[in-house]
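The structure appears below as structure tokens.
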Amino acid sequence: MNKNILYIAIAVIVGLGAGWLIFGNGSSDSNKDMSEMSDHDRSGETEDQMWTCSMHPQIMQPEAGDCPICGMDLIPAESSAEGLAINEIKMTENAMALANIQTTIVGNTQSSDDDGMISLSGKIAANEENNTVQASYFKGRIERLNVNYDGQQVNRGQLLATIYAPDLVAAQQELITAASLKASQPALYKAVRNKLKNWKLSDSQINAIEESGTVRENFPIYATVSGTVSEVMAAQGDYVNQGQPIVKLSNLNSVWAEFDAYENQIAQFKVGQKINITTNAYPNKEFEGTISFIDPMLNNATRTVTVRATLQNRDDLFKPGMFVTGKVKGATQTMENTLSVPASAVLWTGERSLVYLKTNPNEPVFEMREVTLGNRSGENYQVSAGLNNGDEIVTNGTFTVDAAAQLQGKKSMMNQQMMQDESAMMGDMEMSFSNSFSTEFNKALPSYLKMKDALVASDAGQISAFAKATSKKLKEISTSDLGKMEKQHLTKSIEMLDAIATNENLENQRAHFVILNENIVPIAMNIENSTNYYVQKCPMANNNKGAVWLSTEEEIKNPYYGDAMLTCGSVIKSM
14 MNKNILYIAI AVIVGLGAGW LIFGNGSSDS NKDMSEMSDH DRSGETEDQM WTCSMHPQIM
74 QPEAGDCPIC GMDLIPAESS AEGLAINEIK MTENAMALAN IQTTIVGNTQ SSDDDGMISL
134 SGKIAANEEN NTVQASYFKG RIERLNVNYD GQQVNRGQLL ATIYAPDLVA AQQELITAAS
194 LKASQPALYK AVRNKLKNWK LSDSQINAIE ESGTVRENFP IYATVSGTVS EVMAAQGDYV
254 NQGQPIVKLS NLNSVWAEFD AYENQIAQFK VGQKINITTN AYPNKEFEGT ISFIDPMLNN
314 ATRTVTVRAT LQNRDDLFKP GMFVTGKVKG ATQTMENTLS VPASAVLWTG ERSLVYLKTN
374 PNEPVFEMRE VTLGNRSGEN YQVSAGLNNG DEIVTNGTFT VDAAAQLQGK KSMMNQQMMQ
434 DESAMMGDME MSFSNSFSTE FNKALPSYLK MKDALVASDA GQISAFAKAT SKKLKEISTS
494 DLGKMEKQHL TKSIEMLDAI ATNENLENQR AHFVILNENI VPIAMNIENS TNYYVQKCPM
554 ANNNKGAVWL STEEEIKNPY YGDAMLTCGS VIKSM
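Everything in the sequence shown is counted per my numbering, starting at 14 for the first residue and increasing by one.
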């Protein structure tokens, strides 16, 4: 028994020793290998996605949602990647899927495919040259209004309204009295009849009053032209003055087709060009028109001009408000082989156009590329420089890729370095001002700052008031010693202030505030300031092109969005 116990103990000791010899020395390496394997396995798993804000990268949240600072949608946060070029970024497949990022390979397009045609979108509008206002010829009360809704067809000579006119009652009594004296006082009789004719009474109406000897209290108003009622301008029971409009008539025998043409397309159009027009109502018909007008003023909000064609409408096919598409052959020669990119691929920053190029065909690696755009045709831009045939670019989710570049500290549309570069360009303008100009200009800035605060508060009335006060101060400054560029900046600033002062539409005021700052901020950056100012910028304003403003406080209070994105922006220069 004791021998068996001894044998078992010896066997256990030998087994432990053999185990140590086999596994003991390699235990640390084995543990290390297992740890590495575990890490490797974990790297293949989907890590917990963090979400951040493209404008405020300090925000990190475990779930999607809104930024607690500016309210923008959070985007997937990306980690840095090794082995990339200085301005390349890499995104995960998960982030690509979440942001629905799509790419397209750029290729040459032959202008012969569409014969150089440019596509425009627009609407049918009433031809204002054919509009007529039907007015009351005498003062009185509308007893009956026979035309009382828009779209009603009116023929010449049709009864529009019946009016009780006290002045006409007295004039009729004068006529009856003068008729009895016409043999002895023919001049008086003729003057009374002419008085009634001036009120558009016909000879037959005047003769009927004279023959009956009865005074009429109510008088009819007849249409002098045929047309369609575009606006009823009075109501039954209203008191109207002589010459006051009752209805507006539009002759729809001809209409306007008004199209929006982008800024970079203006050179392609000229008055007299033929334009082929199609409508949703008649998709199988094509109508031919001629460009009759190109608006000389650019719409600052949409960066478009109105291109108008006059169309004959004798068959009453075109209705005002109807959507139409126009195709016109560009007035300038287009290149036979051009690169074309979708409009959704392009980011705008000031005067530059940017796209994101996929530099590795097998991995989601991207780099920002500046391009030179040509004409726009439909939903595509021609690219004259910056891309090559076969390049792959981001066409959906471009803004998200740019935000990821910013978060990884790479060159992007929104990063701080680019803002500083633009600020430096603004400050590098060679502008010279006298000490007296600087003194007077500084007097206008307090009311400008109050206007800026009113924009933050979204108070349109106060914005107008302070814009008026600022304009008044600037108008008092002598411009005799200003150079051409300096005078242009001052004049444009006053023009924008006057536009803000006379319009209490908040969005319109903010649109003019963008242009105001493009002119007034360079002046402020080139004069001797009696106060410390900060040049601040919101990259989201002005259709994502960015817009600046002046402030005496370093804290951001955004005048372009107010409470909606109060703290969106950053200081790009202090002075």
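A virtual CB, placed ideally from N, CA and C, is assigned to each residue, including glycine. Bear in mind the structure is a predicted one, so any value in this text is a computation, not a measurement.
> Under a Cβ-count criterion, where at least 16 other Cβ atoms within 10 Å of its own Cβ denotes burial, should residue 252 be classed as buried or exposed?
Replying inline: exposed
> So does the stretch 364 to 379 actually touch the stretch 170 to 182, counting three or more Cβ pairs closer than 8 angstroms?
Replying inline: no
> DSSP puts residue 268 in a beta bridge; with which residues?
Replying inline: 139 and 324
>> Distance check for residue 542 and residue 588, CA to CA, integer angstroms please.
In response: 8 angstroms
> Shortest alpha-carbon distance to residue 116 belongs to which of 178, 404, 65 and 220?
Replying inline: 404
>> Starting from residue 287, trace the alpha helix (DSSP H) in both directions and tell me its first and last residue.
In response: Taken as a continuous stretch (DSSP letters only), residue 287 belongs to no alpha helix (DSSP H), being part of the beta strand (DSSP E) at 287 to 292.
> Cα separation between residue 187 and residue 312?
Replying inline: 58 angstroms
> For residue 240, does the count of other Cβ atoms within 10 angstroms reach 16, so buried, or fall short, so exposed?
Replying inline: buried
> Is residue 10 helix, strand or coil by DSSP?
Replying inline: Only positions 14 to 588 of the chain appear in the structure, and residue 10 is not among them; the question remains open.
>> Give me the residue from 549, 235 and 554 with the minimum Cα distance to residue 583.
In response: 549
>> On the criterion of 16 or more Cβ atoms from any shown chain inside 10 Å, does residue 447 qualify as buried, or is it exposed?
In response: exposed
> What is the residue span of the alpha helix (DSSP H) that residue 171 lies within?
Replying inline: Note, residue 171: premise wrong, no alpha helix (DSSP H); not H, not E.
> Pick from 354, 243, 289 and 499: whose alpha carbon is nearest that of residue 166?
Replying inline: 243
> How would you write the range of the alpha helix (DSSP H) that residue 512 sits in, first residue to last?
Replying inline: 497 to 514
>> Is the separation between the beta-carbon of residue 300 and that of residue 288 shorter than 7 angstroms?
In response: no
> Going by DSSP, what residues sit across from residue 245 in a beta bridge?
Replying inline: 260
> Of the choices 314, 107 and 237, whose alpha-carbon is the least far from that of residue 261?
Replying inline: 237
> In this structure, does DSSP put residue 381 in helix, strand or coil?
Replying inline: strand
>> Considering only their Cβ atoms, is the gap separating residue 384 from residue 357 smaller than 7 angstroms?
In response: no
> For residue 354, which beta-bridge partners are listed by DSSP?
Replying inline: 394
> In the DSSP assignment, what residue or residues form a beta bridge with residue 336?
Replying inline: 136
> Candidates 513, 332, 280 and 273: which alpha carbon is nearest residue 319's?
Replying inline: 273
> Under the rule that 16 or more other beta-carbon atoms within 10 Å means buried, what is residue 561, buried or exposed?
Replying inline: buried
>> To the nearest angstrom, how far is the alpha carbon of residue 473 from that of residue 528?
In response: 18 angstroms
> Assuming residue 137 and residue 332 make a contact with CB atoms under 8 angstroms, what is their CB distance in whole Å?
Replying inline: 6 angstroms
> Mind checking whether residue 280 and residue 304 have CB atoms under 7 angstroms apart?
Replying inline: no
> Which residue's Cα is closest to the Cα of residue 520: 181, 381, 119 and 574?
Replying inline: 574
> How should residue 283 be labelled, buried or exposed, when 16 other C-beta atoms within 10 angstroms of its C-beta is the threshold for buried?
Replying inline: exposed
> When the Cα atoms are used, what is the spatial distance from residue 185 to residue 247?
Replying inline: 26 angstroms
> In its own chain, which residues sit with a C-beta less than 8 angstroms from the C-beta of residue 479, not counting the 5 before and 5 after it?
Replying inline: 460, 461, 463, 464 and 467
> From residue 196 to residue 234, what does the alpha carbon distance come to, in whole angstroms?
Replying inline: 32 angstroms
> In angstroms, rounded to a whole number, what distance separates the CA positions of residue 339 and residue 107?
Replying inline: 42 angstroms
> Using the C-alpha atoms, what's the distance from residue 564 back to residue 471?
Replying inline: 17 angstroms
>> Please report the straight-line C-alpha distance between residue 477 and residue 325, rounded to a whole angstrom.
In response: 43 angstroms
> At what residues does the alpha helix (DSSP H) containing residue 187 begin and finish?
Replying inline: 179 to 192
> For residue 551, which beta-bridge partners are listed by DSSP?
Replying inline: 560
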